[in-house]
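Student:
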Amino acid sequence: LHANVDTVYESEIEKSRSVVIIGLSELNSSSAIERANYDFQNVNSSLNHLDVECVPTAVYRMGKVNSSSTRPRLIKIVFPASRYQKMAVRRAPRLRSFDPKGVFLRPSLSLEERLQYREARLAKKSCL
Numbered sequence: 299l300h301a302n303v304d305t306v307y308e309s310e311i312e313k314s315r316s317v318v319i320i321g322l323s324e325l326n327s328s329s330a331i332e333r334a335n336y337d338f339q340n341v342n343s344s345l346n347h348l349d350v351e352c353v354p355t356a357v358y359r360m361g362k363v364n365s366s367s368t369r370p371r372l373i374k375i376v377f378p379a380s381r382y383q384k385m386a387v388r389r390a391p392r393l394r395s396f397d398p399k400g401v402f403l404r405p406s407l408s409l410e411e412r413l414q415y416r417e418a419r420l421a422k423k424s425c426l
């Protein structure tokens, strides 16, 4: 039971330091190292655009490589501290002027949180 509590606590801490980037293109290479370096450079470029001055602890694509998919996989970024995550999320609207277009950033959320977030967004739209 104690180990379970620690695992949940650690995952909550990591989630508070994590964001997800949607829309960054994937390198079509058979080398995993080349793909990882390409992703790291693109992530650093987008963080530079947001004026988030830190080097991420981890950068990785989520999901399996799917050559038939037209959409790039999501990229998860783990920051060294939660303040960088908050800063990136707060400055995410600046990505509208980022090239390439269509890049979005959101906090790392569980499925339930994503559904609640979506419902709140749709309710807000219907009120306008």
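First residue of the sequence shown? That's 299 in this note's numbering, and the numbers climb one at a time after it. All C-beta atoms in this analysis are idealised placements derived from N, C-alpha and C, irrespective of residue type, glycine included.
So residue 393 and residue 403 are supposed to be a Cβ contact under 8 angstroms. How far apart are they, rounded?
Tutor: At roughly 6 angstroms, the Cβ-Cβ gap stays under 8 angstroms, so residue 393 and residue 403 are in contact.
Student: Between 338, 349, 323, 317, which lies nearest to residue 367 when the distance is taken from Cα to Cα?
Tutor: Measuring from the Cα of residue 367, the nearest candidate turns out to be 323.
Student: Are at least three pairs of beta-carbons, each pair with one atom in the region 410 to 421 and one in the region 336 to 350, less than 8 angstroms apart?
Tutor: Contact between the region 410 to 421 and the region 336 to 350 is absent, because fewer than three Cβ pairs lie under 8 angstroms.
Student: If you run the structure through DSSP and keep just helix, strand and coil, what is residue 379?
Tutor: It is coil, neither helix nor strand.
Student: When burial is assigned at 16 or more other CB atoms within 10 Å of the CB, is residue 364 buried or exposed?
Tutor: Exposed: under 16 other Cβ atoms inside 10 Å.
Student: Using 8 angstroms for Cβ pairs, my map puts residue 309 next to residue 380. What's the rounded Cβ distance?
Tutor: Contact doesn't hold; Cβ gap of about 14 angstroms is too wide.
Student: How is residue 359 classed by DSSP in three states: helix, strand or coil?
Tutor: Residue 359: strand per DSSP, three-state reduction.
Student: Report yes if the C-beta distance between residue 376 and residue 355 is below 8 angstroms; otherwise report no.
Tutor: For residue 376 and residue 355, yes; Cβs fall inside 8 angstroms.
Student: Tell me which residues share the same chain as residue 385 and place their Cβ nearer than 6 angstroms to its Cβ, disregarding the 5 neighbours each side in the sequence.
Tutor: Within the same chain, residue 385 has close Cβ partners 350.
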